[in-house]
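I have placed the structure first, in the form of structure tokens, so that the comments after it can refer back to it.
Structure (structure tokens):
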């Protein structure tokens, strides 16, 4: 009689497997000993246990989809329940139950990951739509704005899909933003064409005026007129590149014609003024000898005489005018500063104010010195400190006031 804990063979050859629910017939054996029958059905059990182990390895060691894993578990569970095998079928069922729990947990993880991915994809697409709408509403950089909208569409395509309703609503907003941008860009360029036509007409008028005065010999008035026309040109805005280049070439041609003629006349005139420049060079050298000023009245008298001779010398070439006039002006400035300093030193009211300031500070210092002595005798440290600080400040002020007074001596 067999003592196998998981099964037995009846006298009529029927093979039974023992389970928690009781015995169940799994087959019949007529060809040999009961031990051989049990060994045969044990091998059947081992094959089934191998399938369970293989499924465990796939579920735990690979990224087998939960639905596929659960289908395999159901199939094996049915095989175990109807198995023609002898062994611990309950243990196989328990292992399959454990796998079902693991797959259920993984299904929740996959679901959570899918929801997270959808949330991220939704955030990405909402960001894409928001940026597209901002570009459609605000940007005036049409080339870069259009390129960015194309990039946003590619980013949309690369992002994961979300639920159909939200996807459709966001795509509708993205399409509307692209359409609005294209419409606003079209309106801008239509207005720009109209604006450029107005600029063209304004610059045509400027060019015609410039060409009309190109032959003028009123050098000062015409030069001022060209400066005004140039300011009008800059304020008019820009026409199309082709029109702008053609009109500028005409404007510059007229301007160059006038200024070249003026330069030729001035060059001829400057050549005749070279002798005047030599006289003023000598006068400037005499004027510079007045410096430094030691006698204000004598310096002013000498400079006045030099200025009379300077005016009598007449005009000089333009390229030397600023240097010569500037040199004489420096001498005049130095004499004027010396006169102002002399006046300041001889001003009795200013000297009286400076003397009064010195006297007041000396009186204040004497009073503070007496207060300091009393505070020291009385041992009042706080009063001593305050008096010393006040004395230090007033002595500094007195030194400055005495220097100011000395300037009047």
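In the UniProt record's numbering, the protein residues as written are 1 to 409.
Glycine included, each C-beta is placed from N, C-alpha and C at the ideal position.
Computed from a prediction, not measured in an experiment: that's the story for all the values here.
Our contact map puts residue 120 next to residue 173 with C-beta atoms below 8 Å; I'd like the distance itself, whole angstroms only. Taking the chain shown and counting its residues from 1, one reaches residue 120 at position 120. Taking the chain shown and counting its residues from 1, one reaches residue 173 at position 173. The pair is not a contact, with the Cβ atoms about 19 Å apart (cut-off 8 Å).
What would DSSP say about residue 82, mapped onto helix, strand or coil? Reading the chain shown from its first residue, position 82 is the one you call residue 82. The DSSP-derived three-state label of residue 82 is coil.
Report the rounded CA-to-CA distance for residue 53 versus residue 101, giving the unit in angstroms. As a working note, residue 53 is residue 53 in the chain shown. As a working note, residue 101 is residue 101 in the chain shown. Computed Cα separation, rounded: 16 Å.
Go to residue 254, then tell me how far its beta strand (DSSP E) extends in each direction, as first and last residue. Counting from 1 along the chain shown, the entry for residue 254 is found at position 254. That residue, residue 254, is in no beta strand (DSSP E); its alpha helix (DSSP H) goes 241-272.
Residue 108 to residue 77 span [Cα, whole Å]: Taking the chain shown and counting its residues from 1, the one referred to as residue 108 is at position 108. Taking the chain shown and counting its residues from 1, the one referred to as residue 77 is at position 77. Approximately 22 Å between the Cα atoms of the pair.
What's the call for residue 227, buried or exposed, on a 16-neighbour Cβ count within 10 Å? Position 227 of the chain shown, counted from the first residue, corresponds to residue 227. Exposed: under 16 other Cβ atoms inside 10 Å.
Determine the direct distance from the alpha carbon of residue 307 to that of residue 201, and round the result to whole angstroms. What you label residue 201 is simply residue 201 of the chain shown in a count that begins at 1. What you label residue 307 is simply residue 307 of the chain shown in a count that begins at 1. Taking the straight line from one Cα to the other gives about 53 Å.
Can you name the start and end residues of the alpha helix (DSSP H) that residue 363 belongs to? As a first step, residue 363 must be located in the chain shown, where it is residue number 363. Per DSSP, residue 363 belongs to the alpha helix (DSSP H) from 348-378.
So, at 8 Å on beta carbons, what are the nonlocal neighbours of residue 84 in its own chain, with the 5 sequence-adjacent residues on each side left out? The residue given as residue 84 occupies position 84 in the chain shown. Contacts found: 26, 27, 41, 44.
Which parts of the region 190-237 are runs of the alpha helix (DSSP H), unbroken and 4 residues or longer, counting only runs that do not cross its ends? Along the region 190-237, the alpha helix (DSSP H) occurs as fully enclosed runs of 4 or more residues at 219-235, listed in sequence order.
Taking the alpha carbon of residue 278 as the reference point, which residue from 187, 105, 315, 382 has its own alpha carbon closest? Residue numbering aside, residue 278 sits at position 278 when the chain shown is read from its first letter. Of the candidates 187, 105, 315, 382, the one whose C-alpha sits nearest the C-alpha of residue 278 is 315.
Does residue 69 pass the burial test, meaning 16 or more other C-beta atoms within 10 Å, or should it be called exposed? Translated into the one-based positions of the chain shown, residue 69 becomes position 69. Label assigned to residue 69: buried.
Local Cβ density within 10 Å of residue 189, reported as buried at 16 or more and exposed below that: Reading the chain shown from its first residue, position 189 is the one you call residue 189. Under this definition residue 189 is an exposed residue.
Could you tell me which uninterrupted alpha helix (DSSP H) segments, each at least 4 residues in length, are contained entirely in the region 29-62, listed from first to last along the chain? 34-61
With distance defined between alpha-carbon atoms, name the residue in 193, 338, 261 nearest to residue 290. Counting from one through the chain shown, the residue named residue 290 turns up at place 290. For the residues 193, 338, 261, the minimum Cα distance to residue 290 belongs to 338.
Alpha carbon of residue 317 to alpha carbon of residue 242, nearest angstrom: Position 317 of the chain shown, counted from the first residue, corresponds to residue 317. Position 242 of the chain shown, counted from the first residue, corresponds to residue 242. So the two alpha carbons sit approximately 42 Å from each other.
With a 10 Å radius around its C-beta and 16 neighbouring C-beta atoms as the bar for buried, classify residue 212 as buried or exposed. In the chain shown, the residue the question calls residue 212 occupies position 212. The residue in question, residue 212, is exposed, as its Cβ has fewer than 16 Cβ neighbours within 10 Å.
Per DSSP, the bridge partner or partners of residue 25: Numbered from its first residue, the chain shown carries residue 25 at position 25. 16.
Neighbourhood of residue 155 by C-beta distance below 6 Å, restricted to the same chain and skipping five residues each side: Position 155 of the chain shown, counted from the start, is the residue given in the question as residue 155. The answer, listed in chain order, is 128.
Spatial neighbours of residue 116 within its chain, please: CB distance less than 7 Å, with the 5 preceding and 5 following residues excluded, ordered by chain position. In the chain shown, residue 116 corresponds to position 116, counting from 1. Cβ within range, chain order: n/a, list empty.
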